[in-house]
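Shown next, in structure tokens, is the structure this report addresses.
2 protein chains.
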Amino acid sequence: MADWEDLHHFVTLAREGTLSAAARTLGVDHATVARRVAALETSTGLKLVDRRSRATLLTDDGKRIAAVASPMEEAAFAVGRAAQAAKPGVDGEVTISAPPNFASSVIAPQLGRLRSQHPGIRIKLIGEKRRASLGRREADVALRLMRPVEAGLFVRKLGSFGFSLYGAPVYLEKTPPHAFAFIGYDASMAASPQEVWLRAIIGKREVVLRTNDLETQVAAARAGLGIAALPCYLGDGDPRLQRHEVAQKPISRDVWLAVHRDLRQVPPVRAVMEFLVSCLKS
Amino acid sequence: MADWEDLHHFVTLAREGTLSAAARTLGVDHATVARRVAALETSTGLKLVDRRSRATLLTDDGKRIAAVASPMEEAAFAVGRAAQAAKPGVDGEVTISAPPNFASSVIAPQLGRLRSQHPGIRIKLIGEKRRASLGRREADVALRLMRPVEAGLFVRKLGSFGFSLYGAPVYLEKTPPHAFAFIGYDASMAASPQEVWLRAIIGKREVVLRTNDLETQVAAARAGLGIAALPCYLGDGDPRLQRHEVAQKPISRDVWLAVHRDLRQVPPVRAVMEFLVSCLKS
DNA sequence: CTCTTGATGTGAGATTTTGCACAATGGCCG
DNA sequence: CGGCCATTGTGCAAAATCTCACATCAAGAG
Numbered sequence: 062m063a064d065w066e067d068l069h070h071f072v073t074l075a076r077e078g079t080l081s082a083a084a085r086t087l088g089v090d091h092a093t094v095a096r097r098v099a100a101l102e103t104s105t106g107l108k109l110v111d112r113r114s115r116a117t118l119l120t121d122d123g124k125r126i127a128a129v130a131s132p133m134e135e136a137a138f139a140v141g142r143a144a145q146a147a148k149p150g151v152d153g154e155v156t157i158s159a160p161p162n163f164a165s166s167v168i169a170p171q172l173g174r175l176r177s178q179h180p181g182i183r184i185k186l187i188g189e190k191r192r193a194s195l196g197r198r199e200a201d202v203a204l205r206l207m208r209p210v211e212a213g214l215f216v217r218k219l220g221s222f223g224f225s226l227y228g229a230p231v232y233l234e235k236t237p238p239h240a241f242a243f244i245g246y247d248a249s250m251a252a253s254p255q256e257v258w259l260r261a262i263i264g265k266r267e268v269v270l271r272t273n274d275l276e277t278q279v280a281a282a283r284a285g286l287g288i289a290a291l292p293c294y295l296g297d298g299d300p301r302l303q304r305h306e307v308a309q310k311p312i313s314r315d316v317w318l319a320v321h322r323d324l325r326q327v328p329p330v331r332a333v334m335e336f337l338v339s340c341l342k343s
Numbered sequence: 062m063a064d065w066e067d068l069h070h071f072v073t074l075a076r077e078g079t080l081s082a083a084a085r086t087l088g089v090d091h092a093t094v095a096r097r098v099a100a101l102e103t104s105t106g107l108k109l110v111d112r113r114s115r116a117t118l119l120t121d122d123g124k125r126i127a128a129v130a131s132p133m134e135e136a137a138f139a140v141g142r143a144a145q146a147a148k149p150g151v152d153g154e155v156t157i158s159a160p161p162n163f164a165s166s167v168i169a170p171q172l173g174r175l176r177s178q179h180p181g182i183r184i185k186l187i188g189e190k191r192r193a194s195l196g197r198r199e200a201d202v203a204l205r206l207m208r209p210v211e212a213g214l215f216v217r218k219l220g221s222f223g224f225s226l227y228g229a230p231v232y233l234e235k236t237p238p239h240a241f242a243f244i245g246y247d248a249s250m251a252a253s254p255q256e257v258w259l260r261a262i263i264g265k266r267e268v269v270l271r272t273n274d275l276e277t278q279v280a281a282a283r284a285g286l287g288i289a290a291l292p293c294y295l296g297d298g299d300p301r302l303q304r305h306e307v308a309q310k311p312i313s314r315d316v317w318l319a320v321h322r323d324l325r326q327v328p329p330v331r332a333v334m335e336f337l338v339s340c341l342k343s
């Protein structure tokens, strides 16, 4: 039988697409991935990849083998979860994935509370836009703004938060609404509900800044560049920002908590879940 | 994530029960298995095995992990089959598992025919009593005397053969049936249909030889030791044996061909299957 | 067209892993 | 009770593997 570690490298290469990317996720050198895949080709007697200088493409045989081998990866992740679930006690490291501003503005300020309740838990808090895969254990617990649909997850709605328009107090004073300039997301976020809502309000008025980063919008609005659609939890407590009410129906987004079923009962994970619930109650 | 090859060694150890046995099936030294399992224990942070001097027992955690990891092994075997199935052409090595006497008396004599039809096929013919696992690729094609029940197999009935009583001609001449001495299987084969049939015929008469080996029975019967229940294909063509008819309803056993679904369409496997069908037609 | 960038290929040295040989353990059988 | 035997544990030399560094290559930007 083929070396399972060779299969591991190959499956990762098949998913990542390049030797270098696979090497990064595996934490090894790209030369190692190349050699292990070559070893797998020898042991199976099949040509699995086309080695191009820009990327390595899977051959038809490679696609077939990758499809058959990927259940191995599922099982391997299940082993990792089982190992974590088997560990007793409330100690351990728990990785939380959340939207970046949510991580910094909502979760991080309250982490002290969790720390004092459960001193044995170490937290890894990752603010990232892309959805971390819970199945692949990129995170143990995830906060999402959309209801997660992956199989095998336990999902719970934690609450919701609203958006309003905000600007610097001095800007709102001196600028009549018909002359508002706006700050919005760029094309990568054009489909998000709050951006759709904002565009409807903007109408034919001017957009002076497009960015993919919410913090940048906050900073620009504070500086008096224009009006931005911000979560109320960001804008309402900030003396450098002032809400501007509009006639349109206000928008709100739901916050979902997701955790893999295998980890739901693990004490440290449970503790983190309860902590996150309490974070959004207030 | 844990090293997949460590998992491979651990799963094998879990199935085989001892380091040495696992080492044999993996083709490595027992020290390697021990070290890799230790490495897995370190990486998972769990104690997986109890190291006794006579055997290594799985802990409860070990059993859990083994249960979760064994789907990995299934997938790995599926990869092996997929690799074999992907190879083009009718060349290749095909492993046949069959009852020992069947292999030597029925299949082996006709292998020349297969060889001349398909010169590119190399045959590995394994005569063994225990049922080779097709799922674990211990054989590509198996002949069985019982209908196989494992999942994922393609099964076909090839035919059947009968049993009769045979003895040396001189023995049958000088011995009246009520004084027959018999040659039969030992306890390990007591449940086989032909042995049950033979016992009913024997009644209270004497059994002078019990053995687990059919060839030994043939040799003893030829030598005039007594009467044995033999497959007709063995006894009828042998001038040193003569059939003795009895009133009891004759018994026959079915011969089944089994192959894994994934390999059924592979050209060399197909060729071997057709060859085996033709072997049992005559 | 050239430069930059991110990819793959290749060789040498360092590290890790492996196999071997032998010692130790403990159940089984007479 | 004592020898037997298969199994596990350990240290060292050998072999395989990995990392690192550098060369090469192709696509896209300026």
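Line by line, the protein sequences give chains A and B.
Per our numbering, the first sequence runs over residues 62 to 343.
Per our numbering, the second sequence runs over residues 62 to 343.
Each residue gets a CB set at the ideal place from its N, CA and C atoms; glycine is no exception.
Since the model is a prediction, treat every value here as computed from it, not as a measurement.
* If you measure from the beta carbon of W65(A) to each beta carbon in chain B, is any gap under 8 Å? -> yes
* For the beta strand (DSSP E) that contains D315(B), what are its first and last residues? -> I312 to H321
* Asked: Do the region 272-290 of chain A and the region 316-328 of chain A make contact, defined as three or more Cβ pairs closer than 8 Å?
  -> no
* To do: Mind reading off the beta-carbon distance from L109(A) to V94(A)? Whole number of angstroms is fine, and I expect it under 8 Å.
  => So it is not a contact: roughly 12 Å between Cβ atoms.
* Specify, as a first and last residue, the run of the alpha helix (DSSP H) that G285(B) falls within. => It is not in any alpha helix (DSSP H) - G285(B) carries neither H nor E in the DSSP assignment.
* Asked: What residue range is occupied by the uninterrupted alpha helix (DSSP H) comprising R176(A)?
  -> L172 to Q178
* To which residues does DSSP link V155(A) through a beta bridge? -> I184(A)
* To do: Just the chain A side, please: which residues come within less than 8 Å of L107(B) by C-beta, in chain order?
  => A144, A147 and K148
* **Minimum C-alpha distance to C340(B) - residue among R208(B), S165(B) and L270(B)** => S165(B)
* Can you give me the Cβ contacts of A83(B) inside the same chain, cut-off strictly under 6 Å, excluding the 5 residues immediately before and after it? => T73, L74, E77 and V94
* Partners in chain A for R125(B), counting only beta-carbon separations shorter than 8 Å -> A143 and A147
* **R325(A) to F215(A) span [Cα, whole Å]** => 7 Å
* Selected residue, minimal CA-CA separation from I187(B), among V202(B), D121(B) and P180(B) -> V202(B)
* C-beta atoms of G141(B) and A63(A) nearer than 8 Å -> yes
* To do: Write down every uninterrupted run of the beta strand (DSSP E) in the region 207-269 of chain B whose length is 3 residues or greater and which is fully enclosed by it, in chain order.
  => 214-228 and 242-246
* Asked: Three-state secondary structure (DSSP) at T105(B)?
  -> helix
* Leaving out the 5 sequence neighbours to the left and right, which residues in its chain are closer than 6 Å to S158(A) when beta-carbon positions are compared? -> I187, A193, A200 and A203
* For V202(A), name the three-state secondary structure that DSSP assigns. => strand
* Can at least three beta-carbon pairs, one atom from the region 285-299 of chain B and one from the region 327-337 of chain B, be found at a separation below 8 Å? -> no
* Asked: Using a Cβ-Cβ cut-off of 6 Å (strictly less than) and excluding sequence neighbours within five positions of I161(B), which residues of its own chain qualify?
  -> Per the sequence shown, the amino acid found at residue 161(B) is Pro instead of Ile. Same-chain partners within the cutoff: G188.
* Express the C-alpha separation of V129(B) and G123(B) in angstroms, rounding to a whole number. => 10 Å
* **Same chain, Cβ closer than 6 Å to I263(B), five either side skipped, listed in chain order** => F243
* Coarse secondary structure for V50(B), derived from DSSP in three states -> Outside the shown range of chain B, which is 62 to 343, sits residue 50(B), and nothing can be said about it.
* To do: Whole angstroms is fine: what's the gap from V155(B)'s alpha carbon to R183(B)'s?
  => 6 Å
* Got a sec: is the Cβ-Cβ distance from V140(A) to anything in chain B below 8 Å? -> yes
* Asked: Can a CB atom of chain B be found closer than 8 Å to the CB of V129(A)?
  -> yes
* Asked: Within 10 angstroms of its Cβ, does T105(A) collect 16 or more other Cβ (buried), or is it exposed?
  -> buried
* To do: Report all residues from its chain with a CB closer than 7 Å to the CB of P254(B); omit the five preceding and five following residues, and keep chain order.
  => I312 and R314
* **Anticipated Cβ contact below 8 Å, L31(B) with A229(B), distance rounded** => Because chain B here runs from 62 to 343, residue 31(B) falls outside it and cannot be looked at.
* To do: Could you check if V167(A) is buried or exposed, using at least 16 other CB atoms within 10 Å of its CB as the buried criterion?
  => buried
* **Rounded Cβ spacing between A127(A) and L119(A) (contact assumed at less than 8 Å)** => 6 Å
* To do: Work out the CA separation of L175(B) and F336(B) for me, nearest whole Å.
  => 6 Å
* Asked: Are the C-beta atoms of D122(B) and some chain A residue less than 8 Å apart?
  -> yes
* Asked: Should D323(A) be labelled buried (16 or more other beta-carbon atoms within 10 Å of its own) or exposed?
  -> buried
* **Unbroken beta strand (DSSP E) run spanning L119(A), endpoints** => T117 to L119
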